[in-house]
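The structure appears below as structure tokens.
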Amino acid sequence: MMSKGEETKQKIVNSAILLFSTKGYDQTSIRDIAQQVNIKAPSIYAYFSSKEELFEQVLNFVMNDYQQFIHSQANAIHHLSVKEQLYTLLHVLNDYFYEYELGHFISRYVMLSPEQFKETVIQKYQQSEEEIKDLLRSILTTESEKYIDTDIIIMSFLCMLDGMLFYMINFSQAEYEKRLKASWEVFWKGILQ
Numbered sequence: 001m002m003s004k005g006e007e008t009k010q011k012i013v014n015s016a017i018l019l020f021s022t023k024g025y026d027q028t029s030i031r032d033i034a035q036q037v038n039i040k041a042p043s044i045y046a047y048f049s050s051k052e053e054l055f056e057q058v059l060n061f062v063m064n065d066y067q068q069f070i071h072s073q074a075n076a077i078h079h080l081s082v083k084e085q086l087y088t089l090l091h092v093l094n095d096y097f098y099e100y101e102l103g104h105f106i107s108r109y110v111m112l113s114p115e116q117f118k119e120t121v122i123q124k125y126q127q128s129e130e131e132i133k134d135l136l137r138s139i140l141t142t143e144s145e146k147y148i149d150t151d152i153i154i155m156s157f158l159c160m161l162d163g164m165l166f167y168m169i170n171f172s173q174a175e176y177e178k179r180l181k182a183s184w185e186v187f188w189k190g191i192l193q
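Number 157 in UniProt numbering belongs to position 157 of the sequence shown; there are no gaps in the numbering.
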């Protein structure tokens, strides 16, 4: 059970995630976050020394959650065929960005990081990509003789993931599904030997 102070700190982080995701870093003030938590703005400084530190804590929290999500997929899909594992992974990773507030945060800041955080955000995102690459390698090693070079498959998968995220965010669900299906067919046929 969390103490009252731990609960307040988590509420601050949760509110910061929501506001940073929807309003952006520059447009979100400490006062905005405090109002969401129902505390006075100076009280936030008992938990975080600055807005910058709060953002960094939020970034760490969000990226840790994303990496745990990636790890959880390994267990969730391992019983499927290679084709089903790859397709399911593509779909659930996109869903993470579309359906979860933490995913909204990542998609916003990977594409539009405030300059002072750009390097850190990219570094954290690349760590997550390494987790995805490791998972893809483990999927592809079971029948590697059936496929083209694993590194090419991984790069193509990541590009497709990024592209589909764009369509998921900016177009209707129907258009996203249509493009996912078409892209998937080309990808799958292209990776076979």
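For every residue, glycine included, the Cβ atom is placed at its ideal position computed from N, Cα and C. Model, not experiment: these values are computed from the prediction.
What residues are listed by DSSP as bridge partners for residue i?
i, result
"Tyr125", "Partner(s): none; Tyr125 has no beta bridge."
"Tyr147", "Leu192"
With H, G and I counted as helix, E and B as strand and the rest as coil, what does DSSP make of residue i?
i, result
"Leu192", "strand"
"residue 195", "Summary: the structure shown does not reach residue 195, with the chain confined to residues 1 through 193, and so no result is reported for it."
"Tyr109", "helix"
"Lys25", "Per the sequence shown, residue 25 should be read as Tyr rather than Lys. Of the three classes helix, strand and coil, the one that applies to Tyr25 here is coil, per DSSP."
"Pro114", "coil"
"Phe69", "helix"
"Lys11", "helix"
"Lys40", "coil"
"Phe171", "coil"
"Gly79", "Note on residue identity: the sequence assigns His, not Gly, to residue 79. Three-state DSSP puts His79 in coil, outside helix and strand."
"Ser138", "helix"
"Ser156", "helix"
"Ser3", "coil"
Ends of the alpha helix (DSSP H) at residue i?
i, result
"Tyr87", "82-99"
"Gln35", "30-37"
Give the single residue among the options whose Cα lies nearest to the Cα of residue i.
i, options, result
"Gln116", "Asp95, Asp26, Gln35", "Asp26"
"Ser15", "Met111, Tyr45, Glu101", "Glu101"
"His104", "Glu143, Phe166, Leu180, Gln35", "Phe166"
"Ile154", "Thr142, Asn170, Arg137", "Arg137"
"Val186", "Glu53, Ser172, Phe157, Gln173", "Phe157"
"Val62", "Ser107, Gly163, Gln85", "Ser107"
"Ile44", "Ile12, Gln85, Asp162, Asn75", "Ile12"
"Leu89", "Lys9, Asp151, Leu135, Lys23", "Leu135"
"Gln10", "Leu161, His91, Leu54", "Leu54"
Between residue i and the ligand NAP, is the CB less than 6 Å from at least one heavy atom?
i, result
"Asn64", "In the structure on display, the ligand NAP does not appear, and there are no ligands present to speak of."
Inter-stretch contact at 8 Å, needing at least 3 Cβ pairs: the segment 65-72 / the segment 116-136: yes
Are the segment 142-151 and the segment 186-193 touching by the rule of at least three beta carbon pairs closer than 8 Å? As far as the Cβ criterion goes, the segment 142-151 touches the segment 186-193, which means the pair count is three or higher.
Are at least three pairs of beta-carbons, each pair with one atom in the segment 116-125 and one in the segment 57-68, less than 8 Å apart? yes
Mind the definition here: the segment 26-40 touches the segment 3-18 only if three or more C-beta pairs lie below 8 Å; say whether that holds. Contact holds: three or more Cβ-Cβ distances are below 8 Å.
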